[in-house]
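Student: In full-length UniProt numbering, the protein residues as written are 1 to 285.
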C-alpha cells in the first residue's frame with residue numbers, strides 16, 4: 001500500500017492506527033515539505049525498513065525519523081499503536097511555543113533517528129493522546145485545528161518529560177557503573193559474586209549486571225572474573241608465589257576451585273598458563 005501525499009493546504013498532520021497496517025506501507029517523503037515522523041509501538045512485532053537498516057522497536061517504545069526519509073512498515077500481526085506525520089516544520093506545528101522550543105531536550109527531537117522506551121506510567125497517557133488526535137483528525141469539525149494543535153503540544157511535552165527522565169536515569173546508571181568499577185578494584189579479593197557487589201551498592205544483581213553491560217559491553221560478573229584472573233596472572237608473572245599462595249591471596253581456600261575458576265575464565269588451566277608463559281610448570285605446594 002502506497003501512502004498518498006496530502007494536498008497542500010488541507011492538512012498539517014496525518015495519523016494512522018498501526019492496527020490497520022496489515023499490509024506493507026511504504027512512505028516516500030522525497031517530494032514532501034519538511035516532515036516529522038513519530039511512531040508509538042504499544043504491542044506487536046512491526047519492522048521499519050529504512051534506507052540504511054531495519055529497526056524492530058520493542059513494545060512500549062517511541063521512534064521518530066528525520067524528514068525526507070523513505071521507509072516501509074513491514075507486514076506484521078497484532079500491531080498496536082500509531083504513526084503520526086507532520087506536513088510542516090515542527091516549530092511551526094507548535095506555533096513556536098516557548099515552553100517546548102526552550103525545553104532542554106527539544107533538540108533531541110531533531111536527531112536523525114531516535115528510539116526511546118516509554119515508562120509504564122507514560123504508556124497509557126501517550127496512547128490516550130494519540131487516540132484523541134486520531135479521533136479528532138478523523139471525526140472532528142468545530143475548532144478541529146486548535147484542538148489538534150493542543151493535543152499535539154501535550155504529546156510533545158509528555159515525550160520531552162520522558163526524555164528528561166531517561167537522561168536522569170542514564171546519568172544515575174553511569175554513576176552506578178563507575179561505583180561498581182571502583183568497588184571491584186578494592187574488593188575483588190573478598191567479593192566473588194555479583195550479589196555481593198549489588199548488596200554493597202544497594203541495587204539488585206540483575207539490574208547491576210544490566211547497567212554495567214550497557215556501560216561497558218560486558219556484565220558485572222564478567223568484570224569480576226576478569227579482574228580476579230588478571231591479578232592471578234600478575235602474581236604468577238611478577239612474583240615468586242606458587243599457585244597455592246596466589247589462590248589464597250585472591251580469597252580462594254580450595255585450590256581445585258581456583259583452578260576451575262581460572263580455566264572457566266581463560267580457557268586454559270593455571271599450570272598451562274605458566275608453562276605457556278615460562279616454558280615450565282609452576283610448582284604446586
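C-beta atoms are modelled at their ideal positions from N, C-alpha and C, and glycine is treated no differently. Keep in mind the model is a prediction, meaning the values are calculated, not measured.
1. In the DSSP assignment, what are the bridge partners of residue 39?
2. When the Cα atoms are used, what is the spatial distance from residue 70 to residue 170?
3. Tell whether a beta-carbon distance below 7 Å holds between residue 111 and residue 57.
4. What would DSSP say about residue 13, mapped onto helix, strand or coil?
5. Excluding sequence positions up to five away, which residues of its chain have a Cβ less than 8 Å from the Cβ of residue 281?
6. Indicate whether residue 128 and residue 151 have their beta-carbon atoms separated by less than 7 Å.
7. From residue 209 to residue 226, what does the alpha carbon distance come to, in whole angstroms?
8. Can you round the beta-carbon distance between residue 138 and residue 85 to whole angstroms, since I take them to be within the 8 Å contact cut?
9. Is residue 162 buried or exposed, if buried means 16 or more other CB atoms sit within 10 Å of its CB?
10. Can you give me the start and stop residues for the beta strand (DSSP E) that residue 72 sits inside?
11. Kindly list the residues whose CB is nearer than 6 Å to the CB of residue 269, restricted to its own chain and excluding five residues on each side of it in sequence; keep chain order.
12. What does the Cβ neighbour count give for residue 65, buried or exposed, with the cut at 16 atoms within 10 Å?
13. For the alpha helix (DSSP H) containing residue 98, list its first residue and its last residue.
14. Can at least three beta-carbon pairs, one atom from the region 86-106 and one from the region 46-54, be found at a separation below 8 Å?
15. What is the DSSP secondary structure of residue 54, counted as helix, strand or coil?
16. Assuming the contact rule is C-beta atoms closer than 8 Å, residue 167 and residue 105 should be a hit. Round their C-beta distance to whole Å, please.
17. Within this structure, are the beta carbons of residue 103 and residue 148 separated by less than 7 Å?
Tutor: A quick look at the data gives this:
1. Beta-bridge pairing links residue 39 to 63 and 83.
2. Those two C-alpha atoms are separated by around 31 Å.
3. 7 Å or more divides the Cβ of residue 111 from the Cβ of residue 57.
4. Strand at residue 13.
5. Below a pLDDT of 50, predicted positions are generally treated as unreliable, and residue 281, at 43, falls in that range; no measurement from the model is reported.
6. Residue 151 sits away from residue 128, with the two beta carbons spaced by 7 Å or more.
7. Note on geometry: alpha-carbon atoms of residue 209 and residue 226 lie some 15 Å from one another.
8. Between residue 138 and residue 85, the beta carbon gap of about 15 Å keeps them out of contact (Cβ cut-off 8 Å).
9. Classification of residue 162: buried, given that the 10 Å Cβ count is 16 or more.
10. 71-73 is the extent of the beta strand (DSSP E) around residue 72.
11. Closer than 6 Å at Cβ, skipping near neighbours: 259 and 263.
12. That one is buried.
13. Boundaries of the alpha helix (DSSP H) harbouring residue 98: 98-101, taken from the DSSP string.
14. No: the two stretches stay apart, fewer than three of their Cβ pairs being nearer than 8 Å.
15. Taken through DSSP and simplified to helix, strand or coil, residue 54 comes out as strand.
16. Rounded, the Cβ-Cβ distance is 7 Å, consistent with contact.
17. Cβ distance not < 7 Å, so residue 103 and residue 148 don't count as in contact.
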